Amino acid sequence: MYRRHTAPLILLHVCTMWRDIASADSSLWAAMYFDFDTDYHRDAPATELQTFLESWALRAQSRPLSVDFCGDMVSRLGAARSAAPMMRLAPKVRKLALRIRGDMWEHYGESSDAISWPILESLAIQCYRSSSYIPDEHGPNYAFALAPGLRKIHLHRTSGLAVVAWKQLTVFYGDACSLQECTELLREAENLVECGLCIFGDNDGDFQPPRALTHMFLRNLTLFAPQEGVHIVVALLPLLTLPALHTFTLPDHKYDDNDADSFVDFLQRHSSHLVEMAVGRTSPRILAPLSALAALQVWDVDPSFAYNFAALLEDPGRERANARHVSADSARTIATPAQEVSGIKISDTDLVMNATLRGYQSPRLVAPTAAKHSKTDANGASCFGGAGV
-6 MYRRHTAPLI
4 LLHVCTMWRD
14 IASADSSLWA
24 AMYFDFDTDY
34 HRDAPATELQ
44 TFLESWALRA
54 QSRPLSVDFC
64 GDMVSRLGAA
74 RSAAPMMRLA
84 PKVRKLALRI
94 RGDMWEHYGE
104 SSDAISWPIL
114 ESLAIQCYRS
124 SSYIPDEHGP
134 NYAFALAPGL
144 RKIHLHRTSG
154 LAVVAWKQLT
164 VFYGDACSLQ
174 ECTELLREAE
184 NLVECGLCIF
194 GDNDGDFQPP
204 RALTHMFLRN
214 LTLFAPQEGV
224 HIVVALLPLL
234 TLPALHTFTL
244 PDHKYDDNDA
254 DSFVDFLQRH
264 SSHLVEMAVG
274 RTSPRILAPL
284 SALAALQVWD
294 VDPSFAYNFA
304 ALLEDPGRER
314 ANARHVSADS
324 ARTIATPAQE
334 VSGIKISDTD
344 LVMNATLRGY
354 QSPRLVAPTA
364 AKHSKTDANG
374 ASCFGGAGV
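Take -6 as the starting number for the sequence shown in my numbering and just add one per residue.
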């Protein structure tokens, strides 16, 4: 099956007429997709690959490029030369996605290597490795230091990409390996509207305890902590004050009553404006302070949580209406005392509970299937579901 990005190449080989049409229409070449693992490119020498990419960019003429490189780019071009195609394309690239194996930054990214990305707005880099998360090994990287229009960054398993204009970012998704790193990132990126942190690491070394911070513009926050990162999330929440917070996502099921104090405190401080929330199985106590909540999603639901949820909805002291609908993939139905609730359904395979309050329709909360597969897999797939921004 052909990808849509290969359509221009196919047209070039149909006939002379279609070749002329494809060559003349620059819009066909504005999206450059290149898979270094496919048979089509497997035996081509590095010089031929570079010529191919340059000819593609020429056919796009003055149109901004959306570039997506994936596969074993480092092995095909050689580590020392793997950044060369990007250096040539940089002036025309508006969106760049690199989903590659290995670490191309080992031989590239010193301060003298900084190049200009005059129109780059969106950057997504995902380096696949055979081992688990590897922290920074090569020091600061300046590859994207000169990108005045960069607003969105998605980084996963990528070392050394620290030198960017953090204050200009509005969207950031990436890894963090310590409490200190989480707070420093949020402090530097003071204009973020949307942020997702995949938190790894089992301790903070000898760092001084981070200071509390207030972030004025952050509306959407996602915190994912596989295994050893849970305690960092528990320590991070008391430090955060987010006056604009609208959506909070905590897609994990490893939190219990021992950690509930941290979550309850955070939710109490943001209850007046927090509208959407998605969490893994956790203490029902977290629901009590949520007076403004209009949409809730819970993964790994058990009967006790469902009963407690229904009881909270029936509390006459609550300031909002009861849920209009609560459901999940169904294996059995649990009766609830809430007449307005059409049903709480629990499945043995896909335990997800969705609550829509006051008829609110959420445009952002992820679907149950997507949520179950959003964690980091053995091949390094992003815990946020891919490298795209």
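Backbone N, C-alpha and C fix where the C-beta goes; we use that ideal spot for every residue, glycine too. All values reported here derive from a predicted model rather than from experimental measurement.
Report the three-state DSSP secondary structure of residue i (helix, strand or coil).
i: Arg278; result: helix
i: Ala76; result: coil
i: Thr9; result: helix
i: Ser265; result: coil
i: Gln43; result: helix
i: Ala169; result: strand
i: Leu82; result: helix
i: Glu183; result: coil
i: Ile118; result: strand
i: Arg69; result: helix
i: Val226; result: helix
i: Thr242; result: strand
i: Phe383; result: Residue numbering for the chain in the displayed model covers -6 to 382; residue 383 lies beyond these limits and cannot be assessed.
i: Ala24; result: strand
i: Thr232; result: The amino acid occupying residue 232 in the given sequence is Leu; Thr does not appear at that position. Correct three-state label for Leu232: helix.
i: Val156; result: coil
i: Gln54; result: coil
i: Leu91; result: strand
i: Gln201; result: coil
i: Ala285; result: coil
i: Thr215; result: strand
i: Asp388; result: Outside the displayed span of the chain (-6 to 382) sits residue 388, for which this structure offers no information.
i: Thr31; result: coil
i: Ala253; result: helix
i: Thr163; result: coil
i: Leu113; result: coil
i: Leu148; result: strand
i: Thr329; result: Reliability of the predicted coordinates at Thr329 is poor, the pLDDT of 34 falling under 50, and no value is obtained from them.
i: Leu143; result: coil
Going along the chain, which residues of its own chain have a beta-carbon closer than 6 Å to the beta-carbon of residue i, five neighbours each way excluded?
i: Ala107; result: Tyr135, Ala138 and Leu139
i: Ser109; result: Leu139
i: Leu91; result: Phe62 and Ile118
i: Arg69; result: Phe29
i: Arg278; result: Ala253 and Val257
i: Val157; result: Phe137
i: Leu89; result: Val60 and Leu116
i: Leu216; result: Leu190, Val226 and Leu243
i: Ala421; result: The requested residue 421 does not occur in the structure, where the chain is confined to residues -6 to 382.
i: Gly167; result: Leu148
Could you tell me how far apart the beta carbons of residue i and residue j are, in whole angstroms, since I believe they sit closer than 8 Å?
i: Ile118; j: Leu148; result: 5 Å
i: Pro231; j: Asp258; result: 6 Å
i: Gly142; j: Glu114; result: 5 Å
i: Leu211; j: Phe241; result: With 8 Å as the limit, Leu211 and Phe241 do not qualify as a contact, their Cβ atoms being about 10 Å apart.
i: Ser59; j: Arg81; result: With a Cβ gap of about 16 Å, Ser59 and Arg81 do not count as contacting.
i: Glu181; j: Trp159; result: 4 Å
Relative to the alpha-carbon of residue i, which residue among the options has its alpha-carbon at the smallest distance?
i: Gln173; options: Val226, Thr163 and Leu116; result: Val226
i: Thr176; options: Cys120, Leu235 and Lys145; result: Leu235
i: Glu47; options: Gly64, Ala23 and Asp30; result: Ala23
i: Ala218; options: Leu260, Asn184 and Ala228; result: Ala228
i: Cys270; options: Leu238, Arg262, Asp254 and Ser255; result: According to the sequence as given, residue 270 is Met; it is not Cys. Minimum Cα distance to Met270 is reached at Leu238.
i: Ala205; options: Arg212, Leu178 and Leu216; result: Leu178
i: Pro78; options: Leu42, Phe241 and Met209; result: Leu42
i: Ser265; options: Val272, Ser255 and Ala287; result: Ala287
i: Thr207; options: His224, Leu216, Asn184 and Gly189; result: Asn184
i: Val272; options: Ala285, Leu89 and Leu214; result: Leu214
i: Phe165; options: Gly189, Ala158, Gln290 and Val156; result: Gly189
i: Trp49; options: Phe27, Val67 and Pro38; result: Phe27
i: Gln290; options: Ser255, Leu243 and Leu260; result: Leu243
i: Pro38; options: Thr9, Asp13, Arg12 and Ser75; result: Ser75
i: Cys120; options: Ala169, Gln161 and Val67; result: Val67
Beta-carbon within less than 7 Å of residue i's beta-carbon, same chain only, minus the 5 sequence neighbours each way: which residues are those?
i: Ser20; result: Arg56
i: Ser125; result: Low confidence applies here, because Ser125 scores a pLDDT of 42, under 50, leaving its location unreliable; read the following figure in that light. Cβ neighbours of Ser125 beyond the five flanking positions: none.
i: Pro203; result: Leu172, Gln173, Thr176 and Leu232
i: Met209; result: Pro236 and Ala237
i: Ser16; result: Arg52
i: Ser255; result: Val227, Leu230 and Pro231
i: Pro356; result: Residue confidence for Pro356 is low, a pLDDT of 45 falling below 50, so the modelled location carries little weight and cannot support an answer.
Nearer than 6 Å: is that true of the beta carbon of residue i relative to any heavy atom of the ligand MG?
i: Gly273; result: Looking for the ligand MG in the displayed structure turns up nothing, as the structure carries no ligands at all.
Leaving aside the five residues before and after residue i along the sequence, list all residues of the same chain whose C-beta is less than 8 Å from its C-beta, in chain order.
i: Arg262; result: Thr234
i: Ala53; result: Ser19, Trp22, Ala23, Met25 and Lys85
i: Asp65; result: Phe29, Asp30, Ile93, Arg94 and Gly95
i: Ile112; result: Pro57, Pro84, Lys85, Val86, Arg87 and Gly142
i: Leu162; result: Leu143, Arg144, Lys145, Ile146, Ala182, Asn184 and Leu185
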